[in-house]
Amino acid sequence: MVQALIVKAGGIGGIGKLDCSEVKAAFGIVSGRYKDLDINKGENREHGGAPASSFYESGRGHAGDVKLDGCGSYDPANAWCWNVDDGQTHNTEHRYLTDRMAEFQSSNGGGQKTLTEHMDAYQKAAEDCLVDGDRARDLKDPERREMAKRAAECMREEQEAAFAKEDCKVEGKTKLRAQSLPLRSERPKTLRRR
273 MVQALIVKAG GIGGIGKLDC SEVKAAFGIV SGRYKDLDIN KGENREHGGA PASSFYESGR
333 GHAGDVKLDG CGSYDPANAW CWNVDDGQTH NTEHRYLTDR MAEFQSSNGG GQKTLTEHMD
393 AYQKAAEDCL VDGDRARDLK DPERREMAKR AAECMREEQE AAFAKEDCKV EGKTKLRAQS
453 LPLRSERPKT LRRR
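Numbering (my numbering), first residue to last: 273 to 466.
Following this line, the structure appears as structure tokens:
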């Protein structure tokens with residue numbers, strides 16, 4: 273199926289023009305609002321763009337937690353997410369993405385970063401996750417990298433649309449919580465899906 277998409281696109285140069293639904297399907301990506309997303313056993317709903325904890329003062333988002341300025345409409349249940357291999361153990365997509373975002377939050381001396389900056393970092397992390405992981409294993413470089421890049425672009429477009437909706441509205445310039453994720457000493461070298 274994946275190779276047929278590349279042929280349909282006219283080769284590697286046409287991958288950027290492929291329909292998002294086709295590219296996401298090639299990688300087995302299912303996305304939508306957290307509360308509406310059906311996932312398979314062994315998967316989790318990964319909040320994309322920025323960790324859900326980034327929108328709250330305490331970093332947890334539990335009942336009674338206070339949202340940061342500019343995050344008044346944010347609701348994790350209405351936030352965009354996608355299906356990832358579950359678990360916070362090494363070699364899972366969930367852990368890989370969490371670690372990448374923790375590294376981003378700690379970069380350049382830490383401090384608050386905007387939602388747009390978070391989405392930039394997340395887009396690159398999602399692309400790398402798809403390249404390094406074992407989704408669509410029949411796809412080899414350079415097509416694999418290009419397809420992963422296109423999939424990450426598609427997910428970014430969906431994230432931006434979700435943050436523009438009234439039930440989860442947050443502007444890109446909004447500064448989010450500094451260091452809402454734990455920084456671990458090492459990142460897994462390879463990824464696997466169950």
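Yeah, the Cβ is synthetic: ideal placement off N, Cα and C, and Gly gets one too. The structure presented is a predicted model; accordingly, all values stated were derived computationally and were not measured.
Under 8 Å, do residue i and residue j count as touching if we go by C-beta distance?
i    : j    : result
F453 : Q377 : Note on identity: in this sequence residue 453 is Leu, with Phe being the wrong assignment. Yes. Within cutoff.
T386 : K447 : yes
C440 : C292 : no
L309 : Y328 : no
Residue i and residue j look like a contact to me (Cβ under 8 Å); what is the Cβ gap, rounded to whole Å?
i    : j    : result
R449 : S345 : Not quite, the Cβ-Cβ distance comes to about 16 Å (not below 8 Å), so this is no contact.
V302 : A423 : Actually they do not touch by this definition, with Cβ atoms about 12 Å apart.
V442 : G304 : In fact, because the Cβ distance is near 18 Å, the residues do not count as touching under 8 Å.
Helix or strand or just coil, what does DSSP make of residue i?
i    : result
K441 : coil
S484 : No statement about residue 484 is possible, as the shown extent of the chain runs from 273 to 466 and does not include it.
S326 : helix
V230 : Here the chain comprises residues numbered 273 to 466, so residue 230 is not present and cannot be evaluated.
C353 : strand
State the Cα-Cα distance for the pair residue i and residue j, rounded to the nearest angstrom.
i    : j    : result
D413 : D404 : 11 Å
G381 : L290 : 38 Å
G300 : R407 : 7 Å
E318 : K445 : 22 Å
E375 : L455 : 6 Å
H366 : D358 : 6 Å
Quick check: does the Cβ of residue i come within less than 7 Å of any heavy atom belonging to the ligand FAD?
i    : result
S293 : As presented, the structure is devoid of all ligands, the ligand FAD included, so that no description of it is given.
Does the stretch 414 to 433 come into contact with the stretch 308 to 318, if we say contact requires no fewer than three beta-carbon pairs (one atom in each stretch) closer than 8 Å?
At 8 Å Cβ cutoff, the stretches do not touch.
Under 8 Å, with one C-beta from each stretch per pair, do the stretch 340 to 357 and the stretch 426 to 437 reach the 3-pair mark?
Short answer: they touch.
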